[in-house]
């Protein structure tokens, strides 16, 4: 396993964990100008990054 693949897998795991923590956290991250919370959009962004890192770590030769 190459160093690049280990890093991509690590970032995949971190993206999933941070996304879940943001999704289930009780603390709201409010934007003062609009009054809307950033918890759900940020969780979705981290999950999207996790999918990208998963795809980078697992190329088509592994399937």
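Numbering (the numbering used here), first residue to last: 1 to 63. For every residue, glycine included, the Cβ atom is placed at its ideal position computed from N, Cα and C.
Per DSSP, which residues does residue i bridge with? Please list them.
| i | result |
| --- | --- |
| residue 37 | 30 |
Anyone know if the C-beta pair for residue i and residue j falls short of 7 Å?
| i | j | result |
| --- | --- | --- |
| residue 53 | residue 3 | no |
| residue 57 | residue 25 | no |
| residue 28 | residue 37 | yes |
Assuming residue i and residue j form a contact by the criterion Cβ under 8 Å, report the distance between their Cβ atoms to the nearest whole angstrom.
| i | j | result |
| --- | --- | --- |
| residue 39 | residue 14 | Rounded, the Cβ-Cβ distance is 18 Å, inconsistent with contact. |
| residue 50 | residue 19 | 7 Å |
Straight-line CA distance for residue i to residue j?
| i | j | result |
| --- | --- | --- |
| residue 46 | residue 16 | 7 Å |
| residue 48 | residue 7 | 17 Å |
| residue 5 | residue 59 | 10 Å |
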